[in-house]
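Numbering (the UniProt record's numbering), first residue to last: 1 to 509.
From the three backbone atoms N, C-alpha and C, an ideal C-beta is built for every residue, glycine too.
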C-alpha cells in the first residue's frame, strides 16, 4: 500500500522491510510456451479478460493516461479514498474531488474500481480516536457516496500484527475507542470485534442501499502458507481464521480477500511453492481472492535481474490463474520511477509521465495471461471449481482440501438454476451469475439471458460467451462445468449500457 509522498510508513521497516514477501530460493521457473496465436491478446487488460479475471493498477489523478486505459481493466485510488483524505467530522465524507476524478475516469473507460480503504490504523485522519459508531457512519457514507460505481471496497486494511497470530495493538487503540472517552479501550473485548462490527455496518449499508458492492479484507505478508524455513505463516493463518469465522458462521460478512503481494527479500514473509495452495484454501471458503497491491523487487535471484523478475511475475500470475476464485490482480503503480518502492524497480514499466517502456516482466505477465486458466501447470495443486461446501475443519490444512469426487462420466442431466447479481452504474455494469446444480450431478451448463436494448457484453470471466447484445449465452469452461448436486460456481461479465432487471435461464448437460 502506497503512502502519500512525505509521509512515513512506520510499519514497513524495522531492521528489514516488514511489509514485503519473496519467492523462496529466487526464481521458480514456470514453463511458459507461446500463447495460442488465435487467442493471444496484446494488452494486459484484454488478456486478463479472456482468462476470466481483471488486471488493474493503483493510480492517482495525475497518472491517468492512455497506458492506464489501454492496459488495465481495474483502478484502485492510490491515496485518494483513504480516511486521511476523505473522512470528515463525525463520520462524514468530504474532499472527494480526486476520488471522483478517478471513479469517473474508470467509468468512462469501462474499468472496475476498488475503494481503498475504510478502516486502517495509518492515514486515518479524522477517524483517529473515533468510536465504532462514528466509524460505522463513515463506512455507510463512503459506500453510498459512490454506490455501485465502486465494485469492491477494502473495508478493513492491515488488521493483523507482524510475525504473530494476533491483531494489532500498537496503533489501533489510538484509532478506535469504544466509548469515545480517550482511553483506547477497544481491546477490552475480543480483538476482532471491530473487524466484525465494521463489516456488519458495511453489509447493512450495502443491503439498505440496494448495492452489489463486494466487501474485502486486505493485508500484507499473508500470501504464503509458510515462512522461510518452513514454519507456518501465523499471520496468514490468523487472516484465514477471521475470514472463516465471518463466512462460514451465521453472518456472511466478507466477500473478498486481498493479498497485498509486495514481494521482496524479507526472511519473515517468504513465499515458496505454496502461494497457490494458500489462495485455494481461502477460495474454498467461498470468497474471491485478489492479489491487490502487487510489486516484485527485481533483485530476488542470482540470475539476470530483468529475467529473474519476469519469471517471478510469471509464477505469481500463474498461481492466481490456477484458482478459479482468484478473480483479480492489481499492480501497485505503473512504472518503477513512479512507485513508492522505486529503488526496488518492482513494476512492469520503466519511464514515466505517460512515456513508458515495457519490461521483460510485462511480457511474462502478458504471456501467462494469454495462456489462460490451465489448472495443473505449476507444482502446486490444481484449482477446483468454486463450490458451496460445508465449513472446513478448525485444523488448518497443509494444502487445499481435495475437491469432492467427480460425478459419473455420463450422468443423466438433472437441471440447474442461474441467478444474476448486478453492479450497475451510469453507463456500465458488472454481472455476477451463480450457477447451481439441481438434484443431480451435471457435467456442463449453459446460461442464457436477453440483454436490454443498448446493453452489450465487453468482457467475460469463468465462462465462454456467444453473442454480445440481445440474446446471449454463456457456457462453462474446462474447469467449472462439473458440479455435484447442489453445488455452485460463478462466472461474470462486464458490459456497457443498462442491464437492470435481466434474468437468466440455465440448461445442464
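Beta-bridge partners of residue i, as assigned by DSSP
i	result
residue 55	329
residue 496	428, 456
residue 153	115, 215
residue 192	Its beta-bridge partners do not exist; DSSP assigns none.
residue 488	436
residue 416	437
residue 356	351
residue 461	492
residue 316	According to DSSP, residue 316 bridges with nothing at all.
residue 335	349
residue 421	432
residue 257	217, 289
residue 44	Beta-bridge pairing links residue 44 to no other residue.
residue 139	Answer is none; residue 139 lacks a bridge partner.
residue 483	442
Span of the beta strand (DSSP E), counted from its first residue to its last, around residue i
i	result
residue 295	288-296
residue 276	Premise fails: residue 276 lies in the alpha helix (DSSP H), 275-283, not in any beta strand (DSSP E).
residue 446	445-450
residue 465	464-466
Residue i, enclosing alpha helix (DSSP H) - first and last residue
i	result
residue 470	Unbroken run through residue 470: none, as it is neither H nor E.
residue 504	Taken as a continuous stretch (DSSP letters only), residue 504 belongs to no alpha helix (DSSP H), as it is neither H nor E.
residue 363	360-371
Whole-angstrom C-beta distance between residue j and residue i, which should lie under 8 Å
i	j	result
residue 485	residue 431	25 Å between Cβ atoms; not a contact.
residue 496	residue 427	7 Å
residue 467	residue 473	7 Å
residue 494	residue 110	7 Å
residue 365	residue 75	At roughly 18 Å, the Cβ-Cβ gap does not stay under 8 Å, so residue 365 and residue 75 are not in contact.
residue 348	residue 361	5 Å
residue 201	residue 139	5 Å
residue 436	residue 417	5 Å
residue 344	residue 264	6 Å
CB contact flag (residue i, residue j, <8 Å)
i	j	result
residue 224	residue 238	no
residue 454	residue 498	yes
residue 259	residue 291	yes
residue 451	residue 502	yes
residue 73	residue 48	yes
residue 316	residue 261	yes
residue 283	residue 325	yes
residue 255	residue 160	no
residue 346	residue 51	no
residue 203	residue 253	yes
residue 425	residue 148	yes
residue 309	residue 298	yes
residue 328	residue 64	no
residue 510	residue 162	Here the chain has residues from 1 to 509 only, and residue 510 is not among them.
residue 143	residue 205	yes
residue 119	residue 157	yes
residue 152	residue 199	no
residue 226	residue 193	no
TODO: Write down every uninterrupted run of the alpha helix (DSSP H) in the segment 206-255 whose length is 4 residues or greater and which is fully enclosed by it, in chain order.
DONE: Counting whole runs of 4 or more residues, the segment 206-255 contains the alpha helix (DSSP H) stretches 234-248.
Open item on the list: Could you tell me which whole beta strand (DSSP E) segments of length 3 or greater appear in the segment 50-137?
Closed with: Counting only runs of 3+ residues, the beta strand (DSSP E) found wholly inside the segment 50-137 occupies 54-59, 74-77, 112-119, in chain order.
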